[in-house]
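A.B. asks:
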Amino acid sequence: MEKGRNSIMKIVLVIIYLVLTISGLILMKKGGNSGTLAIENGNANFAISLVSFAGLFCYLFSFLLFTKIVIMFDLSYIMPICTGIVQVITLIASKVVFKEEISVYGIIGASLVIIGIVVMNWKHG
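Be aware that the sequence shown starts at 326, since it is given in the numbering used here, and climbs by one per residue.
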């Protein structure tokens, strides 16, 4: 019972990581600026839009969460899976949210990533 609960918790953490990473990327792009840093009269000022700040917060929190995830899983297993899923969902989100064009090569690449994730997780006999 405890092992099953632990497995579910791991999956939930990965899903939260994926949502935060993709949300962070979308919000930073939607915010439209990466921030400005100015030093005037010996004072440092940093300005960033609220939307970009929300994206930065999501992305930073996802990074901190990923450090925990890396410890919980084999690195050779979790890194390709998370990276692949982030790439594919980001491609889809860029089309839906920003109306960006997806080329045939983008579709082929995303398909290969999905195939790679499936092959990596294929259970033999």
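Every residue gets a Cβ at the ideal spot worked out from N, C-alpha and C, and that includes glycine. Fair warning: this is a prediction, and the values are worked out from it, not measured in the lab.
Run the proximity test for Leu400: is its beta-carbon closer than 7 Å to any non-hydrogen atom belonging to the ligand NAP?
C.D. replies: Among the components modelled here there is no ligand, and therefore nothing to report on the ligand NAP.
A.B. asks: Could you check whether Cys383 and Leu345 sit closer than 8 Å to each other, using their CB atoms as the reference points?
C.D. replies: Locating residue 345 in the sequence shown gives position 20, counting from the first residue. Locating residue 383 in the sequence shown gives position 58, counting from the first residue. Against a cut-off of 8 Å, the Cβ pair of Cys383 and Leu345 comes out as a contact.
A.B. asks: Just to confirm, are Ala379 and Val413 a CB contact at a threshold of 8 Å?
C.D. replies: Residue 379 sits at position 54 when you count from the first residue of the sequence shown. Residue 413 sits at position 88 when you count from the first residue of the sequence shown. The answer is no: Cβ separation not under 8 Å.
A.B. asks: Pick helix, strand or coil for Glu426, following the three-state DSSP scheme.
C.D. replies: Locating residue 426 in the sequence shown gives position 101, counting from the first residue. Coil at Glu426, not helix or strand.
A.B. asks: If you check the beta carbons only, do Val337 and Ile394 fall under 8 Å apart?
C.D. replies: Start at 1 with the first residue of the sequence shown, and residue 337 comes out as number 12. Start at 1 with the first residue of the sequence shown, and residue 394 comes out as number 69. Contact: no.
A.B. asks: What did DSSP end up calling Asn358 once you bin it into helix, strand or coil?
C.D. replies: The residue you call residue 358 lines up with position 33 of the sequence shown. Note: Asn358 maps to coil in three-state DSSP.
A.B. asks: Given this structure, state the Cα-to-Cα distance separating Ile410 from Ile427, to the nearest angstrom.
C.D. replies: The residue given as residue 410 occupies position 85 in the sequence shown. The residue given as residue 427 occupies position 102 in the sequence shown. One C-alpha to the other measures close to 17 Å.
A.B. asks: What did DSSP end up calling Ile364 once you bin it into helix, strand or coil?
C.D. replies: Here residue 364 refers to the residue found at position 39 when the sequence shown is read from its first residue. Strand.
A.B. asks: Please confirm whether Tyr342 and Leu390 have their CB atoms less than 8 Å apart.
C.D. replies: Within the sequence shown, residue 342 is the residue found at index 17, counting from 1. Within the sequence shown, residue 390 is the residue found at index 65, counting from 1. The answer is yes: Cβ separation under 8 Å.
A.B. asks: Considering Cα atoms alone, identify which of Asn331, Ile351, Pro405 and Ser332 is closest to Val421.
C.D. replies: Taking the first residue of the sequence shown as 1, we reach residue 421 at position 96. For Val421, the nearest C-alpha among the options comes from Ile351.
A.B. asks: Can you say whether Gly357 is buried or exposed, counting buried as having 16 or more other CB atoms within 10 angstroms of its CB?
C.D. replies: Looking up residue 357 in the sequence shown gives position 32. With fewer than 16 Cβ atoms within 10 Å of its Cβ, Gly357 is classed as exposed.
A.B. asks: I'd like to know whether the C-beta atoms of Ile406 and Met353 end up nearer to each other than 8 Å.
C.D. replies: Looking up residue 406 in the sequence shown gives position 81. Looking up residue 353 in the sequence shown gives position 28. Cβ atoms of Ile406 and Met353: not closer than 8 Å.
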